[in-house]
Amino acid sequence: MELLIPVAFGQEQIVKRQLLSLGFEKAPAENGRIELTGDWQAVARLNVFLRSGERVLIRLARFHAVTFDELYEGVYAIPWEDWLTLDSQILMDGKSVQSALVAIKASGGVAKKAIIRRLSDKIKTGRKTFSETGARSIVGVSIYKDEVTVTLDTSGEGLHKRGYRTLSYSAPLKETLASGIIDSTFYNPEKDMEKPFADIFCGSGTLPIEAGLKALKIAPGAKRSFDFEKWACAPKSVTALAREEAEDNVLRSAKPDIYGADISKEAISIAKYHAKQAGVDKVIRFEVADARKFTSEKKYGVLLSNPPYGERLSDAKEAQALMRDLGKTFRSLSDWNAYILTSLPEFERYFGKRADKKKKLYNANLSCGLYAYFGKPPKSEDTKE
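Under our numbering, the first residue of the sequence shown is numbered 17, with each subsequent residue one higher.
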């Protein structure tokens, strides 16, 4: 099957490295999606193991369309009877960019009519409507420069829905973004399990928890369900095999050095609960503490934080002062590497040092910069993307 992995802006190379580690060597990126081929077992493994991809889609067709008639015919030509059943709950999703068919809601309606007609014609029911009480199937109709891509979403809920974050707290990082950022740093527990990882603005704990999942090799999707598991066309055994593989990979005796701190008692309480839900509470040390007082006896380490900035503080000057203090804290940490995700204008000026590397990312549709500051490597560390 032709598979597509939607990827957040700036995360393409990270996801391609994750795919390579799963055995997918050929995975070109195009229009914010990574393309690869695989069978149902690949679909299961991607959903269970992938840390930073947003979903796993099956591409059913790609064709040119500038009119509703062309769209209808293109969608009708797909063998929907191989993928859906008479009671499938069909939900439509899509977008249109630089195309003649700009009304994506109307396009979705046309596409759904074509699907129902195809099922009716091929299964010989004579019906024009169906109960849609069965398994959910999200059909995507994406139109880019008049080229239509039709997909089936095997994931259902986005892959950032790990299942551990059940309590709400202000401005959390998306789990897939957090994991991708961690993979772009020098935090590599597979090579150095004792190297400390610290987030001194941890909020509800997403960054330390994702670091813990990485350190223990816990597959992020091992404990959640996916839409394709309920489809009649998908083999029932593939997800069980993927989960069994995930269980075998877990490093139960590993003891990484992971620290999370926040000045809010409520945030730390939530972070501890989420860490327990994720199965990493035994390897993360959470503490109510002021970020400006953070110190470490260890010469080398990774500091990664998403500190509060203008959008989350009523007084922008307070954020600026906080960044000045954060810069002083970092400069006291010998040869640590620091990575700061922020949308604060002129962050480097307040931090007191130009970044060694800067990368543009989006956090909840907010344009941010990931500022990287490199200390001296213990031996030799190659600069990451």
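In this text, a Cβ means the ideal position worked out from N, Cα and C, and glycines have one as well.
Exercise. Are the beta-carbon atoms of S123 and V82 separated by less than 8 Å?
Worked result: no
Exercise. So what does DSSP say about S350, is it helix, strand or coil?
Worked result: coil
For this session: Kindly indicate the opening and closing residues of the beta strand (DSSP E) around F402.
Result: The structure shown has nothing for residue 402, since the chain only spans 17 to 401.
Exercise. Can you name the start and end residues of the alpha helix (DSSP H) that Y185 belongs to?
Worked result: Taken as a continuous stretch (DSSP letters only), Y185 belongs to no alpha helix (DSSP H), as it is neither H nor E.
For this session: State the Cα-Cα distance for the pair Q34 and P251, rounded to the nearest angstrom.
Result: 25 Å
For this session: Please report the Cβ distance between S321 and D243, rounded to the nearest whole angstrom; I am assuming they are in contact, meaning their Cβ atoms lie under 8 Å.
Result: Contact flag wrong, Cβ pair sits at about 35 Å.
For this session: Starting from the Cα of D109, find the closest Cα among T101, W99, A127 and A93 and give me that residue.
Result: A127
Problem set entry | Backbone secondary structure at D85 - three-state DSSP | helix
Exercise. Less than 8 Å separating the beta-carbons of E106 and E51?
Worked result: It is worth fixing the name first, because residue 106 is Ile in this sequence and not Glu. Taking 8 Å as the Cβ cut-off, I106 and E51 do not qualify as a contacting pair.
Problem set entry | Integer Cβ distance of Y378 from I356, believed to fall under 8 Å | Not a contact, Cβ separation roughly 16 Å.
Problem set entry | Supposed close pair H290, L223 - CB separation, criterion 8 Å | Not really, about 11 Å apart at Cβ, beyond 8 Å.
Exercise. A287 lies in the alpha helix (DSSP H); which residues open and close that run?
Worked result: K281 to A294
Exercise. For S350, which of A332, Y316 and L267 has the nearest alpha-carbon?
Worked result: Y316
Exercise. Curious, which full-length alpha helix (DSSP H) runs of at least 4 residues does the stretch 360-399 contain?
Worked result: 363-367
Problem set entry | Start-end ranges of the beta strand (DSSP E) lying completely within the stretch 203-246, minimum 3 residues | 213-215
Problem set entry | Contact belief for K177 with R240 at Cβ below 8 Å, rounded distance in angstroms | 7 Å
For this session: For my contact list, R61 and P22 are in at a C-beta cut-off of 8 Å; report their separation, rounded to the angstrom.
Result: Wrong, their Cβ atoms sit about 17 Å apart, outside the cutoff.
Exercise. Whose CA, out of E313, C249, T345 and K271, lies closest to the CA of M17?
Worked result: C249
For this session: With distances taken Cα to Cα, identify the nearest neighbour of I274 among Y185, A337, I286 and D297.
Result: D297
Exercise. With distances taken between CB atoms, is the gap from D278 to V304 smaller than 8 Å?
Worked result: yes
Exercise. Between V475 and G90, which are expected to be in contact by the criterion C-beta below 8 Å, what is the C-beta distance as a whole number of angstroms?
Worked result: Residue numbering for the chain in the displayed model covers 17 to 401; residue 475 lies beyond these limits and cannot be assessed.
Problem set entry | Inter-residue Cα distance where the pair is P236 and D85 | 42 Å
For this session: Within 10 angstroms of the Cβ of P212, are there 16 or more other Cβ atoms? Answer buried if so, exposed if not.
Result: buried
For this session: Can you grab the Cα-Cα spacing for the pair K375 / G385, in whole Å?
Result: 6 Å
Exercise. Thinking C-alpha only, which one of K121, L267 and L102 is nearest K111?
Worked result: K121
For this session: Measure from the alpha carbon of W99 to the alpha carbon of each residue in A58, F79, K138 and S195, then state which is nearest.
Result: K138
Problem set entry | Collapsed DSSP secondary structure at R106 in the structure displayed | The amino acid at residue 106 is misidentified as Arg; the sequence shows Ile. The answer is strand: DSSP assigns I106 an E or B state.
Problem set entry | Per-residue burial, S220 [other beta carbons within 10 Å of its own, 16 or more giving buried] | buried
For this session: Could you tell me the boundaries of the beta strand (DSSP E) in which E18 lies?
Result: E18 to P22
Exercise. Over what stretch of residues does the beta strand (DSSP E) that includes F65 continue unbroken?
Worked result: F65 -> not in any beta strand (DSSP E); alpha helix (DSSP H) instead, spanning W56 to F65.
For this session: Can you have a look at G172 and say buried or exposed, based on whether 16 or more other CB atoms are within 10 angstroms of its CB?
Result: buried
Problem set entry | Sequence-distant residues of its chain with Cβ nearer than 6 Å to K288 (five each side left out) | F302
Exercise. Which word fits K392, buried or exposed, when buried means at least 16 other C-beta atoms lie within 10 angstroms of its C-beta?
Worked result: exposed
Exercise. Going by alpha carbons, who is nearest to R71 out of F310, S115, K161 and L168?
Worked result: L168
Exercise. Out of I225, R75 and A24, which has the shortest C-alpha to C-alpha gap to G179?
Worked result: I225
Exercise. How would you call T53, buried or exposed, if buried means at least 16 neighbouring beta carbons within 10 angstroms?
Worked result: exposed
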